[in-house]
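These notes are about the structure you will find just below.
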Ligand SMILES: [Zn+2]
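Numbering (our numbering), first residue to last: 325 to 472.
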């Protein structure tokens, strides 16, 4: 029998926990990378909002309010609360959209800023977590002599 090309039962490449979609983004071994993704996403949102509000910075009262939310900016798994994993999935809480709208007063601009933010979250999380996970998997396969 030839070796399995992909073993569905193999655990997380970083910590060997059972790998779920959520685990890829919330692995406890990747906390500093997760913090980097969250902080660069916040910075990107401030940049997007500066298009409509040139003097904005992260100390703006509405942004302080937005950024202290206790689950939105956490890469943890939660069965019912909105967490940063949902941003990675391309979802936004209604309250988030409303806060953006308080800066733009314009539905089209609100949609553009929200989509731009989600795109940045997607790209950053793909680059820093997904691609590094894939290359670690490839390295592990090669070290076991499995090639595709
Ligand atoms: Zn893990």
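Beta carbons: idealized from backbone N, C-alpha and C, even for Gly.
Reduced DSSP secondary structure (H/G/I, E/B, other) of residue i
i	result
residue 334	coil
residue 459	helix
residue 470	coil
residue 389	helix
residue 380	coil
residue 405	coil
residue 448	helix
residue 453	helix
residue 399	coil
Residue interval of the alpha helix (DSSP H) (run including residue i)
i	result
residue 347	345–350
residue 366	355–374
For this session: Please confirm if the segment 366–379 is in contact with the segment 417–432, defined as three or more CB-CB distances below 8 Å between the two stretches.
Result: yes
For this session: Jot down the residue ranges of each uninterrupted alpha helix (DSSP H) in the segment 407–440, minimum 4 residues, whole runs only, in chain order.
Result: 408–412 and 418–428
Problem set entry | Stretch-stretch touch, CB-based, cutoff 8 Å, three pairs: the segment 342–350 with the segment 402–419 | In short, these stretches touch, since the Cβ pair count reaches three.
Problem set entry | the segment 355–363 touching the segment 439–453, judged by at least three CB pairs closer than 8 Å | yes
Exercise. Can you find at least 3 beta carbon pairs, one from the segment 415–422 and one from the segment 335–345, that sit closer than 8 Å?
Worked result: no
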